[in-house]
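Enquirer: Going down the list, the sequences are from chains P and F.
Numbered per the UniProt record's numbering, the first sequence finishes at 111, counting up by one with no gaps.
Numbered per the UniProt record's numbering, the second sequence finishes at 90, counting up by one with no gaps.
C-beta: ideal position from N, C-alpha, C; glycine also.
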Amino acid sequence: MSQRIFHHPVLGSMEERTALQFQFNGAVYTAYEGETIAGALLAAGVRTLRVHEETGAPRGIYCNIGHCYECRVHVDGIPTVRACMTLVTEGMCVTAGSVLPTPLKKGGHAK
Amino acid sequence: MDAQQVIICRCEEVSLEELLSTAREYQCTARELKLRTRAGMGCCGGRTCRILIEQIVEQATGQVPTHTVSLGYQPPVRPISFQTLGGKSS
Numbered sequence: 001m002s003q004r005i006f007h008h009p010v011l012g013s014m015e016e017r018t019a020l021q022f023q024f025n026g027a028v029y030t031a032y033e034g035e036t037i038a039g040a041l042l043a044a045g046v047r048t049l050r051v052h053e054e055t056g057a058p059r060g061i062y063c064n065i066g067h068c069y070e071c072r073v074h075v076d077g078i079p080t081v082r083a084c085m086t087l088v089t090e091g092m093c094v095t096a097g098s099v100l101p102t103p104l105k106k107g108g109h110a111k
Numbered sequence: 001m002d003a004q005q006v007i008i009c010r011c012e013e014v015s016l017e018e019l020l021s022t023a024r025e026y027q028c029t030a031r032e033l034k035l036r037t038r039a040g041m042g043c044c045g046g047r048t049c050r051i052l053i054e055q056i057v058e059q060a061t062g063q064v065p066t067h068t069v070s071l072g073y074q075p076p077v078r079p080i081s082f083q084t085l086g087g088k089s090s
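Here's what the structure looks like:
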């Protein structure tokens, strides 16, 4: 369910903007032109943007100003892209980071 | 506040408890604490937790950060991908 604020008591109503379709982990979401990936996904109720590479703990927006790299995702195959700093483009394919193998760690997992 | 629950380094997922116990056990410098726990060695380059790590060391060992040997800034100052370094525009 969309959590987007269309009518704000102080800021007023959202002006007409071009809707863009993009994918996150295979599902299609709608963003508006000028919105970041993190913003559009937050409006769509998606809070988990990736999992920690080693422990699998869920991660999402932390600083939202491009400082902390907590919201890093893969965009069209390019890894480590900050969702909070990247504007959505039409047909963009975003995937969440997943747990990586730790074959050299004691008790680690190969895959 | 549960020190086990408080994450200091989010990139490498290192808790306050882990940092405090390591700093107390080894009475080490901020740099050694970083190398022992990997705190500050993650994707963001320690930009979020650097100051906290130095404060933890100060609290546990009494060492005041001098900024000559402890946690310095190495180039590139901002995290940059090999793709960008190789001239491929992102």
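For Q4 of chain F, which option in F:T48, F:E18, F:L71, F:E58 has the closest C-alpha, if you only look at C-alpha atoms?
Expert: Counted from its first residue, the second sequence places residue 4 of chain F at position 4. When each option's Cα is compared against that of Q4 of chain F, the closest is F:E18.
Enquirer: Which one of F:D2, F:G40, F:E25 has the shortest CA to CA distance from Y73 of chain F?
Expert: For the purposes of this step, residue 73 of chain F is identified with residue 73 of the second sequence, where counting begins at 1. Comparing Cα positions, the closest option is F:G40.
Enquirer: Within 10 Å of its beta-carbon, does A19 of chain P have 16 or more other beta-carbons around it, so buried, or fewer, so exposed?
Expert: Taking the first sequence and counting its residues from 1, the one referred to as residue 19 of chain P is at position 19. Exposed, since its Cβ has fewer than 16 Cβ neighbours within 10 Å.
Enquirer: Label G39 of chain P either buried or exposed according to how many other C-beta atoms from any shown protein chain fall within 10 Å of its C-beta, with 16 as the threshold for buried.
Expert: Translated into the one-based positions of the first sequence, residue 39 of chain P becomes position 39. Result: buried.
Enquirer: Chain P partners of residue 94 of chain F, CB-CB under 9 Å?
Expert: Residue numbering for chain F in the displayed model covers 1 to 90; residue 94 of chain F lies beyond these limits and cannot be assessed.
Enquirer: Go ahead and pull the three-state DSSP assignment for G66 of chain P.
Expert: The residue you call residue 66 of chain P lines up with position 66 of the first sequence. DSSP places G66 of chain P in coil when its eight states are reduced to three.
Enquirer: Three Cβ pairs or more, each shorter than 8 Å: is that satisfied between the segment 24 to 41 of chain P and the segment 83 to 97 of chain P?
Expert: Segments in contact, yes.
Enquirer: By the DSSP assignment, the alpha helix (DSSP H) with F82 of chain F in it spans what residues?
Expert: One-based indexing of the second sequence puts residue 82 of chain F at position 82. Counting along the chain, the alpha helix (DSSP H) containing F82 of chain F begins and ends at 82 to 85.
Enquirer: By Cβ distance, which residues of its chain are closer than 7 Å to V6 of chain F, with the 5 residues on each side in sequence left out?
Expert: Counting from one through the second sequence, the residue named residue 6 of chain F turns up at place 6. So the list reads S15, L16, once near-sequence residues are dropped.
Enquirer: Does S15 of chain F come out as helix, strand or coil in the three-state DSSP assignment?
Expert: Sequence index remark: in the second sequence, residue 15 of chain F carries index 15 (1-based). Of the three classes helix, strand and coil, the one that applies to S15 of chain F here is strand, per DSSP.
Enquirer: Specify the secondary structure class of R24 of chain F as computed by DSSP and reduced to three states.
Expert: Taking the first residue of the second sequence as position 1, residue 24 of chain F is located at position 24. Residue state, collapsed to three classes: helix.
Enquirer: Can the beta-carbon of Y69 of chain P be found closer than 8 Å to that of C43 of chain F?
Expert: The sequence position of residue 69 of chain P within the first sequence is 69, counting from 1. The sequence position of residue 43 of chain F within the second sequence is 43, counting from 1. Contact: yes.
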